[in-house]
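Beneath this line is the structure, given in C-alpha cells, with notes to follow.
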Amino acid sequence: MTLELFASHEPRRQPLAPGAAILRGFATTRADALLDAVDALVRHSPFRHLVTPGGHRMSVAMTNCGAWGWTSDTSGYRYRDEDPETGRPWPAMPPVFAALARDAAAELGFDDYAPDACLVNRYVPGSKLSMHQDLDEADAVAPIVSVSLGIGATFLWGGARRSDRAVAFDLSHGDVVVWGGASRHRFHGVRPIAEASHARTGRVRINLTFRRAR
Ligand code: SIN
Ligand code: FE2
Numbered sequence: 000m001t002l003e004l005f006a007s008h009e010p011r012r013q014p015l016a017p018g019a020a021i022l023r024g025f026a027t028t029r030a031d032a033l034l035d036a037v038d039a040l041v042r043h044s045p046f047r048h049l050v051t052p053g054g055h056r057m058s059v060a061m062t063n064c065g066a067w068g069w070t071s072d073t074s075g076y077r078y079r080d081e082d083p084e085t086g087r088p089w090p091a092m093p094p095v096f097a098a099l100a101r102d103a104a105a106e107l108g109f110d111d112y113a114p115d116a117c118l119v120n121r122y123v124p125g126s127k128l129s130m131h132q133d134l135d136e137a138d139a140v141a142p143i144v145s146v147s148l149g150i151g152a153t154f155l156w157g158g159a160r161r162s163d164r165a166v167a168f169d170l171s172h173g174d175v176v177v178w179g180g181a182s183r184h185r186f187h188g189v190r191p192i193a194e195a196s197h198a199r200t201g202r203v204r205i206n207l208t209f210r211r212a213r
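Counting from 0, one number per residue, gives the positions in the sequence shown under my numbering.
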C-alpha cells in the first residue's frame, strides 16, 4: 500500500539533497494566473534567444521580470537592471510570482524568501539546457525556486562537480523544484524537450526560475 493512496490530493515532496526537493503539483492551482502574468510581461520584455559567451545561440528563449534580469552575450553572463533590448527596466515581478516563490521556499525552511530576479524560460520540443551551476547571484544560500508549466521536461539533478553523475526526474505542469543552502550550487540541466502539447500552452514549456541576485 502506498502513501499516495491517502495523500493524492496533497502536493508530494520528493527530497533531492539537503536544502533541495521537488514539490509535486505545488503550483497547479496557481498555474493559470502565473501563465496570464507571463503573457502580460512578455508584451513589455519579449522572449529572445541569448548568445553564450562562446558564441552559441541558446535553444531556450528567455526574458526576465523583477529588479534584476539575467543576460548573456559574447562578453559574459551578468545581471542587469534594464532590458538591453528595450532600454527600459524589466517588468515588475507580478505579486502571484512573488507569493508562489515565497511559499515554495518556506516548504524547505527558507523563510521570508524575497527574490529580486525571475528568469522566464520558454522551451519548445528540441530545446535543452546543458548542465550548469547558477553562480551569478550574490546570495549563495537563498534558494533557486524553479516552476514548470506547460509540456513536460526531464530535469537533470547533478552534484557539486561537473563530473558527478546526474539523476533524471520528469517534471510536469505545476511541479516546483527548490534548491538552496548546501545544494545551492549543484549542477543541473534539462534534456531536449520531447514533442508534446499542453491544453494551455500548446507545444511550449514555460519555466520560471526565481533567484536572489543582489
Ligand atoms: C534553469 O536552470 O535555469 C532552468 C531549469 C528548468 O528549466 O527546469
Ligand atoms: Fe539554472
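All C-beta atoms, glycine included, are put in the ideal place defined by N, C-alpha and C. None of these values were measured; they are calculated from a predicted model.
CB-CB under 7 Å to threonine 70, same chain, minus the five flanking residues each way: which ones, in chain order? Leu49, Arg77, Arg79, Pro83
Under the assumption that arginine 185 contacts alanine 19 (Cβ atoms under 8 Å), give the Cβ distance between them as a whole number of angstroms. 7 Å
Give me the Cα-Cα distance between methionine 0 and valine 176, rounded to the nearest whole angstrom. Only weak support is given to the placement of methionine 0: the predicted model assigns it a pLDDT of 47, under 50, and the value that follows is read from those uncertain coordinates. Their Cα atoms are separated by approximately 26 Å.
Between which residues of its own chain and histidine 197 is the CB-CB distance below 6 Å, once the five residues before and five after are set aside? Hits under 6 Å: Gly149, Ile150.
By Cβ distance below 7 Å, which residues in the same chain neighbour arginine 29 in space, the five residues on each side in sequence not counted? Val95, Leu99
Got a sec, what are the start and stop residues for the beta strand (DSSP E) aspartate 31 sits in? Segment 30-40 is the alpha helix (DSSP H) holding aspartate 31; no beta strand (DSSP E) there.
Just checking my contact of arginine 190 with valine 123 at CB under 8 Å: how many whole Å lie between their CB atoms? Contact doesn't hold; Cβ gap of about 14 Å is too wide.
Return yes when the C-beta of threonine 27 is under 7 Å from any heavy atom of the ligand FE2, and no when it is not. no
How many Å lie between aspartate 174 and leucine 134 at the Cα? 23 Å
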